[in-house]
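The working numbering numbers the first residue of the sequence shown as 14 and each following residue consecutively.
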Amino acid sequence: MYRMRWPSFSKHVRDRVIRPCYKPKRSSYAIAAIASSLAVSYIESEVNHHHVLSETHPEYHKKDSLHRNFIADAAEIAAPAVVNITVVSGRTASAGSGFFIDARGYIVTNAHVVDRCNRYSRIEVTLADGSKIPASLHSLDRMSDLAIIQVQSPGRLPTDKSLTLEEDAIAWPILHFGSSSQLRPGEWVCALGSPFTLQNSVSAGIISAVARQSSELGYFGKSGGEYLQTDAAINTGNSGGPLVNLDGQVIGINTMKVEGSVGISFAIPADVAAQVIKQLLQHRKVVRPYIGLQMINITSEVLRIMRQNYKTVPAELESSNGHENRTVGVLVKSVAIGSPAEKAGIMAGDIIVRFDSKPVKTTRDILGLLGFEIGRSIHVQVWRRGEDNLKSLTIVTDMLPSNNSL
């Protein structure tokens with residue numbers, strides 16, 4: 014049995030308490046340096062292979078990309094926007110990480126890093142250069158475990174003299190979101206933050222899984238959604254920091270790890286985070302869509318049971334040959350009474366084949382198509398006992414329950 018841990022410092026995590034103003038005089042960490050070298054020889058038909066560019070040569074990074082350190086390049090892009098966040102409450106403090114997303118000083122982090130703030134707490138942000146500035150809580154959403162804080166002092170002056178003083182005053186370094194939906198297992202990523210309050214730390218690894226269900230982790234928490242799994246080191250204090258691709262774009266927000274494990278950590282996908290953050294910036298809260306469905310993905314086992322119970326199943330499912338990653342459609346487990354789905358005539362046992370006129374394979378597809386646009390009408394094609402039916406429902410406002418219903 015394993016336990017999930019949120020990697021942020023807190024008195025509520027394993028009796029680990031950070032006292033304000035505590036600064037160790039001598040590091041208690043034993044650091045072992047392991048060096049390795051890789052000799053690569055190659056022949057390129059169009060160039061003289063006897064001519065090798067040195068790293069100091071101005072054309073080195075243009076022509077000899079084989080020798081570039083892409084991990085270092087990504088970290089160099091992202092690092093200036095990454096911060097350490099300390100929340101001081103009375104005699105104790107908790108700490109995590111975050112990053113700038115807006116030149117006006119908005120910083121994204123995990124909700125569990127700052128959710129115990131009260132009128133007597135203070136938030137302190139440590140920038141990449143070591144300077145410290147105060148911040149205030151802008152908004153948070155416990156269900157998605159995301160929060161926004163805002164620094165209370167103007168940004169540093171950039172070197173571009175063409176900017177006006179007013180523009181200069183808000184020039185914080187920011188990170189941009191990439192697409193998490195296009196990720197594949199095996200892609201390289203970097204995790205940045207302040208593990209154990211060690212500022213400006215970078216770890217690297219790969220994407221281990223792109224859609225790890227929270228139920229698989231025994232974690233039926235706030236969102237009940239999916240996470241990116243990575244083997245990049247994410248430790249106490251990394252919560253809220255960015256997980257970036259080799260272009261330095263945020264593709265996930267580091268959130269938790271399996272306690273006692275090595276290389277099993279999880280991040281909130283960027284596509285999900287971006288939608289929540291947009292709502293927090295606009296409304297200071299998340300207005301979630303609701304249609305009243307509880308659904309499950311159609312696996313090979315579910316398909317086997319369906320074949321036993323029904324004379325026919327959708328052609329799309331038959332063509333999948335029982336391979337889980339090729340099934341088409343999502344099974345409706347239950348429909349809430351009085352919900353938009355019930356009013357539209359959708360019933361338990363129906364199979365949603367198309368949602369908003371687009372084919373769907375998983376509940377994740379439906380969640381992505383649902384979006385956050387309240388009041389929109391959606392066409393839903395369902396299969397029921399050998400027949401296709403077209404239904405129309407309207408998205409309404411509600412809080413997304415912690416189970417897998419929408």
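Just so it is clear, CB atoms sit at the ideal spot from N, CA and C, and this is done for glycine as well. All of these numbers come straight from a predicted model, not from anything done at the bench.
Item                                                                                                                 : Value
Where residue 364 falls, given that 16 or more other Cβ within 10 Å makes a residue buried                           : buried
Exposure label - residue 407; buried when at least 16 CB within 10 Å                                                 : exposed
contact_flag[the region 350–362, the region 379–397] where n(CB pairs < 8 Å) is 3 or more                            : yes
Reduced DSSP secondary structure (H/G/I, E/B, other) of residue 249                                                  : coil
Integer Cβ distance of residue 305 from residue 348, believed to fall under 8 Å                                      : 6 Å
CB contact check: residue 116 to chain C, cutoff 9 Å                                                                 : In the structure shown, chain C does not exist; there is a single protein chain.
Where residue 129 falls, given that 16 or more other Cβ within 10 Å makes a residue buried                           : exposed
Own chain partners of residue 262 with C-beta closer than 7 Å, once the 5 adjacent residues on each side are dropped : 189, 190 and 191
Rounded C-alpha distance that separates residue 149 from residue 297                                                 : 13 Å
Beta bridge counterpart(s) of residue 133 as assigned by DSSP                                                        : According to DSSP, residue 133 bridges with nothing at all.
Buried or exposed by the 16-neighbour rule on C-beta atoms within 10 Å, applied to residue 85                        : exposed
Pair within 9 Å by beta-carbon distance, residue 218 and residue 241                                                 : no
Whole-angstrom distance between residue 380 and residue 163, CA atom to CA atom                                      : 29 Å
Residue 111 classed as buried or exposed, judged by whether at least 16 other C-beta atoms fall within 10 angstroms  : buried
Beta-carbon proximity check, residue 224 vs residue 377, cutoff 9 Å                                                  : yes
Counted within 10 angstroms of its Cβ, other Cβ atoms place residue 403 as buried (16 or more) or exposed            : exposed
Touching by the beta-carbon criterion (3+ pairs, under 8 Å), the region 277–287 and the region 150–159               : yes
For residue 103 and residue 309, the rounded distance between their alpha carbons                                    : 46 Å
6 Å CB neighbourhood of residue 214 in its chain, flanking five on each side removed                                 : 208
Inter-residue spacing [alpha-carbon to alpha-carbon] between residue 410 and residue 385                             : 9 Å
4-residue-minimum alpha helix (DSSP H) runs that sit fully inside the region 342–369, ordered along the chain        : 353–356
Close beta carbons around residue 289, own chain, < 7 Å, minus the five adjacent residues each side                  : 154, 157, 159 and 299
Contact check, residue 278 vs residue 318, beta carbons under 9 Å                                                    : no
Assigned secondary structure, residue 276 (DSSP; H/G/I helix, E/B strand, else coil)                                 : coil
Enclosing alpha helix (DSSP H) for residue 94 [first to last residue]                                                : Per DSSP, residue 94 belongs to no alpha helix (DSSP H) and is neither H nor E.
Between the CA atoms of residue 91 and residue 115 - distance to the nearest angstrom                                : 14 Å
Unbroken beta strand (DSSP E) run spanning residue 267, endpoints                                                    : 263–271
Residue range of the unbroken alpha helix (DSSP H) whose run includes residue 289                                    : 283–296
Pick from 186, 184, 118 and 100 that is closest to residue 132, judged by C-alpha positions                          : 100
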